[in-house]
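Engineer: Under UniProt numbering, the sequence shown has 21 at position 21, and the numbering climbs by one with no breaks. Okay, here's the structure, questions in a sec.
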Amino acid sequence: MASPALKDAVGGLDRDGFVALLSKLIGESARLQNDPPVHRPEEDLVAQHVVDALRPVSTETGGGPLVVRKVSYAEGRSNVIVEYPGTVPGRIVSFVGMHMDVVPVKPPLKHSVIGVFIANEENSSVTGIGVDGLVKDGLLDMLKTGPLFWIDTADKQPCIGTGGMIPWHLKATGKLFHSGLAHKAINSMEMNMEALKEIQKRFYTDFPPHEQEKVYKFATPSTMKPTKWSYPGGGLNQIPGECTISGDIRLTPFYSTSHVVEKLKEYVEDINERLETTLDTRGPVSKYVLPDENLRGRLEISFDGDVMNGVACNLKSRGFKALCKATEEIVGHVEPYSITGSLPLIRELQDEGFDVQTAGYGLLKTYHAKNEYCLFSDMAQGFQVFASIISQLEEEV
Numbered sequence: 001m002a003s004p005a006l007k008d009a010v011g012g013l014d015r016d017g018f019v020a021l022l023s024k025l026i027g028e029s030a031r032l033q034n035d036p037p038v039h040r041p042e043e044d045l046v047a048q049h050v051v052d053a054l055r056p057v058s059t060e061t062g063g064g065p066l067v068v069r070k071v072s073y074a075e076g077r078s079n080v081i082v083e084y085p086g087t088v089p090g091r092i093v094s095f096v097g098m099h100m101d102v103v104p105v106k107p108p109l110k111h112s113v114i115g116v117f118i119a120n121e122e123n124s125s126v127t128g129i130g131v132d133g134l135v136k137d138g139l140l141d142m143l144k145t146g147p148l149f150w151i152d153t154a155d156k157q158p159c160i161g162t163g164g165m166i167p168w169h170l171k172a173t174g175k176l177f178h179s180g181l182a183h184k185a186i187n188s189m190e191m192n193m194e195a196l197k198e199i200q201k202r203f204y205t206d207f208p209p210h211e212q213e214k215v216y217k218f219a220t221p222s223t224m225k226p227t228k229w230s231y232p233g234g235g236l237n238q239i240p241g242e243c244t245i246s247g248d249i250r251l252t253p254f255y256s257t258s259h260v261v262e263k264l265k266e267y268v269e270d271i272n273e274r275l276e277t278t279l280d281t282r283g284p285v286s287k288y289v290l291p292d293e294n295l296r297g298r299l300e301i302s303f304d305g306d307v308m309n310g311v312a313c314n315l316k317s318r319g320f321k322a323l324c325k326a327t328e329e330i331v332g333h334v335e336p337y338s339i340t341g342s343l344p345l346i347r348e349l350q351d352e353g354f355d356v357q358t359a360g361y362g363l364l365k366t367y368h369a370k371n372e373y374c375l376f377s378d379m380a381q382g383f384q385v386f387a388s389i390i391s392q393l394e395e396e397v
C-alpha cells in the first residue's frame, strides 16, 4: 500500500484544475493535428499551458519545488520536462509520454520524480524533435537509474508488450490491353492477388506464433494483411497494366523487423524468377508471361521509412512489480496484457537501457474515434497509481 504520509500529502487529483487544463488543451486541437506536410502540429501551445499551470509551484517563478524546462528542436514544437527533486542522488522514477496535469505537493522524497511531456508522438516521418531528440542530447540519461513509465496505453492495466509495424507496398506491372482480348494482356490485378497470397503463405510459415506470445498474453500473433488498393484508373473494358496493394505487418517483439523486411524481399525476388511455376492463374487465358512478345510481369515491394519495433517489457523489474501492485491496490485487479498495436519510440528507449513499463488511463474503445474521450474517474485512479508506485519505491532499502 502507498504510505499514509505520502497519500495525505498528495491527496487526490484536483478535478476542477484538471478539467480546466484539459479544456484549454482541447481548445488548441485544430492546431495539434500531426499529418505532415498538410498538418504540422504546434505542441508549444500545449507546452505553454502546462508550464503556465505549473508556474505557481515552480522554482523559477513561484517559489515551489518543481523544476520545469521547455526543450524545443523545431519552431513551435516543444517538449516539457518537469522534475520534483529527491533527496538521494540517483534515485529516479519517471513518467513519460503522458498528457496529464501535475498536482503540486511538498513531501520530502528520496526519489526524484520526473514527468516528460513530449512532442511529435503521433508521427514518425519527422524525427529529432520529440523524445528521440531528448534522448540524443542526453536530457533523459538520468532516468536510466529508475523505472520509466510510458503513459500512453489504455484501460488502467499494465501493457507488457506491443507490436512492431512494417508498412509495405506491393506493385505489380503487367500489360494493359482490351478485356475482349485477354490472351494478349498480363493482368496486373490477378498477378498481384496471387503474389500476395503466396507471400502471406511464406510469411506465416517463417514467422509462426511464438511461444513467448502466451507468456505475454498477446491477443494475436504476428500478422500480414492488405489494407489498401490503388491503380492508375481506366475503363471497365481495360485489363490494368499496373496496380499496387498496400498494407502492414504487425510483428510481435520476438521477431526482428529488419529480418522480416529482408525475407519479404527474398520472396518477391524468387516469385519474379519463377512466375510461371509459382503463381496460380485464373482461367484458361490468364498468364503472367507473354513469350511471343518477350514480356514478363514483374513485382516490386517497397517499405515506408516509419518501420517500428515492438517491445516486451521486463517482467522481473522493480518497475513492473510496483505497477502491478499499485494497479491491484487502486483499480481492484491487475490483468497485464499485450497487443500488436504499435507505440513509437519505446523500443528505442529500452534499447538505450531504460526500464520501460507502459500503462494508460484512457479508454481503448474510444481511441482515434470521432469524439475521443476519457473518464475523470479513470484519470483519478491513474493519479493514485502513480502515487502508490512512488510510495513503494520510497520504502525500498
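Cβ atoms here follow ideal geometry from the backbone N, Cα and C, with glycine treated the same way. Remember, it's a predicted structure, so these values are computed and weren't measured experimentally.
What are the boundary residues of the beta strand (DSSP E) that includes Met-165?
Structural biologist: 164 to 173
Engineer: Starting from Met-224, follow the beta strand (DSSP E) in both directions and report where the run begins and ends.
Structural biologist: DSSP places Met-224 inside the beta strand (DSSP E), whose first and last residues are 223 to 230.
Engineer: Could you check the C-alpha separation between Glu-335 and Ile-160 for me, to the nearest Å?
Structural biologist: 10 Å
Engineer: How do the region 174 to 194 and the region 212 to 224 stand: do at least 3 beta-carbon pairs fall below 8 Å, yes or no?
Structural biologist: no
Engineer: With a Cβ-Cβ cutoff of 7 Å, do Phe-149 and Gln-357 count as a contact?
Structural biologist: yes
Engineer: If you draw a straight line from the alpha carbon of Gln-381 to that of Thr-205, how long is it in whole angstroms?
Structural biologist: 43 Å
Engineer: Taking the straight line between their C-alpha atoms, what separation do you get for Leu-251 and Thr-59?
Structural biologist: 45 Å
Engineer: State the DSSP-derived secondary structure class of Lys-370, mapped to helix, strand or coil.
Structural biologist: coil
Engineer: By the 10 Å Cβ neighbour count, where 16 or more other Cβ atoms means buried, how is Asp-101 classified, buried or exposed?
Structural biologist: Here the model assigns Asp-101 a pLDDT of 25, short of 50, so the residue's position is not dependable, and the following value carries that caveat. Buried.
Engineer: Out of Ala-322, Val-46, Ser-258 and Lys-106, which one is the CA nearest neighbour of Val-57?
Structural biologist: Lys-106
Engineer: So Val-96 packs on Val-80, CB below 8 Å; how close in whole Å?
Structural biologist: With 8 Å as the limit, Val-96 and Val-80 do not qualify as a contact, their Cβ atoms being about 11 Å apart.
Engineer: For the putative contact between Gly-174 and Ile-186, defined by C-beta atoms under 8 Å, what is the C-beta separation to the nearest angstrom?
Structural biologist: In this structure, Gly-174 and Ile-186 form a Cβ contact; the two beta carbons are roughly 3 Å apart against a cut-off of 8 Å.
Engineer: Taking the straight line between their C-alpha atoms, what separation do you get for Tyr-267 and Lys-171?
Structural biologist: Each residue's alpha carbon lies about 14 Å from the other.
Engineer: Which value, in whole angstroms, describes the spacing of the CA atoms of Gly-283 and His-183?
Structural biologist: About 10 Å.
Engineer: What is the DSSP secondary structure of Pro-147, reduced to helix, strand or coil?
Structural biologist: strand
Engineer: Would you call the CB atoms of Pro-147 and Asp-355 closer than 7 Å?
Structural biologist: Going by C-beta atoms, Pro-147 is nearer than 7 Å to Asp-355.
Engineer: Could you give the uninterrupted runs of the beta strand (DSSP E) lying entirely in the region 196 to 270, keeping only those of 3 residues or more?
Structural biologist: Runs of the beta strand (DSSP E) inside the region 196 to 270: 223 to 230 and 242 to 251.
Engineer: Hey, could you find the ends of the alpha helix (DSSP H) Ser-377 is sitting in?
Structural biologist: 376 to 395
Engineer: Compute the distance between the beta-carbons of Val-82 and Gly-130, then report whether it is under 7 Å.
Structural biologist: no
Engineer: I need the DSSP call for Val-105, collapsed to helix, strand or coil.
Structural biologist: Annotation note: pLDDT 44 at Val-105 (below 50); position unreliable, coordinate value reported separately. Val-105 sits in coil when the DSSP states are folded into three classes, being neither helix nor strand.
Engineer: Return helix, strand or coil for Thr-358, following the three-state DSSP convention.
Structural biologist: Thr-358 falls in the strand class under three-state DSSP.
Engineer: By DSSP, does Ser-23 sit in helix, in strand, or in coil?
Structural biologist: helix
Engineer: What first and last residue would you give for the alpha helix (DSSP H) that runs through Gly-319?
Structural biologist: 318 to 331
Engineer: How is the beta strand (DSSP E) around Leu-299 delimited, first residue to last?
Structural biologist: 298 to 303
Engineer: According to DSSP, is Asp-52 part of a helix, a strand, or is it coil?
Structural biologist: Helix.
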